[in-house]
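Worksheet: one structure, shown below.
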Amino acid sequence: MDDMELTKLWKQYDQTLERANILNLQSWVLHLQTLELLKTEKAKSRLRSLGNCKKGMIVIGILWVAFLIFLLANSIALSKVFFALSVAAVLGFSIYSVLAYIWHIVLIDEIDNSESLVEVQKKTATLKASTLNSTRILFLQTPFYSTFFWNWQWMSHDPKFWYIAFPVTLLLTAASIWLYRNIDIRNADKRWFKLLFSGKDWTSVIRAIKYLEEIEEYKKNSL
32 MDDMELTKLW
42 KQYDQTLERA
52 NILNLQSWVL
62 HLQTLELLKT
72 EKAKSRLRSL
82 GNCKKGMIVI
92 GILWVAFLIF
102 LLANSIALSK
112 VFFALSVAAV
122 LGFSIYSVLA
132 YIWHIVLIDE
142 IDNSESLVEV
152 QKKTATLKAS
162 TLNSTRILFL
172 QTPFYSTFFW
182 NWQWMSHDPK
192 FWYIAFPVTL
202 LLTAASIWLY
212 RNIDIRNADK
222 RWFKLLFSGK
232 DWTSVIRAIK
242 YLEEIEEYKK
252 NSL
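Put into structure tokens, the structure is as follows:
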């Protein structure tokens, strides 16, 4: 075999190898596109279900806000000052909750209508952070549920107020502040965190994020 034939064979081998690499790359790209489509659709499906649930909660929240406004309007009196303040505080947190849910639905709709994987990942991360933050804020309303029945007469004439009712409120205040400070993604592996965040509000977002992370895992493992 002379040098020309050897060179020709090498060229043929290189061309065959190049075609094989191109085919492998095309196959990988096709598989990646299919995986992205499948996992992204699964993530969107999870969030769509969550969005429908949140819409129902918004309706309930609006009715609750209307009820609290009615209570507040009919309790403006010095004798009911603690009741009025408690209702006003819970009302403020309830309005915040409704607005947070509306914002979450907007994010979910944007995710559902997005065709960009990067955009879906970004919006889902925003939804996760907002869910975490709104939950920790809403825990701050807890003490006000123990002050509805406070009144001046009870405080002045019944020692049980200072032995039972007041310590309970202090305990709830301390617990709500502790939760506000400690509800953080860094504590997601803690048992108390998992217990508090075992509902659909959180698990749906986490499941959607895991679907998207599986795409990145495939990219890393196949490159």
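Each step along the sequence shown adds one to the number in the working numbering, with nothing skipped, and position 13 is 44. Glycine residues also receive a C-beta, built at the ideal position from the N, C-alpha and C atoms. All values derive from a computational prediction rather than experimental measurement.
Distance from the CA atom of residue 206 to the CA atom of residue 159, rounded to whole angstroms, is 23 Å. Cβ contact annotation for residue 128 (same chain, cutoff 8 Å, sequence separation greater than five): 92, 165 and 169, in chain order.
If you look at residue 197, you'll find it in the alpha helix (DSSP H) that goes 197-213.
For residue 83 and residue 154, the gap between their C-alpha atoms comes out near 18 Å. Setting aside the 5 residues that flank it on each side, residue 175 is surrounded in the same chain by 117, 120 and 121, each with a C-beta closer than 6 Å to its C-beta; the list follows chain order.
Residues 114, 115 and 118 of the same chain have their beta carbon placed closer than 8 Å to that of residue 106, with the five preceding and five following residues left out of the count. Cα atoms of residue 218 and residue 227: separation of roughly 12 Å, rounded to the nearest angstrom. Each of 243, 213 and 224 was checked against the Cα of residue 67, and the nearest Cα belongs to 243. In this structure residue 238 is not in contact with residue 210, their Cβ atoms being roughly 24 Å apart against a cut-off of 8 Å. Relative to the Cα of residue 199, the nearest Cα in the group 182, 181 and 177 belongs to 177. With fewer than 16 other CB atoms across the displayed protein chains lying within 10 angstroms of its CB, residue 65 is exposed.
CA-CA distance, residue 73 to residue 136, rounds to 17 Å. Beta-carbon to beta-carbon, residue 216 and residue 163 are separated by about 6 Å, close enough to satisfy the 8 Å threshold. Not a single unbroken stretch of the beta strand (DSSP E) spanning 3 or more residues falls wholly within the stretch 129-168.
In the DSSP annotation of this structure, the continuous segment of the alpha helix (DSSP H) that includes residue 224 starts and ends at 222-227. Assigned with DSSP and collapsed to three states, residue 232 falls in helix.
In this structure, residue 172 sits near residue 124, with a CB-CB distance shorter than 8 Å.
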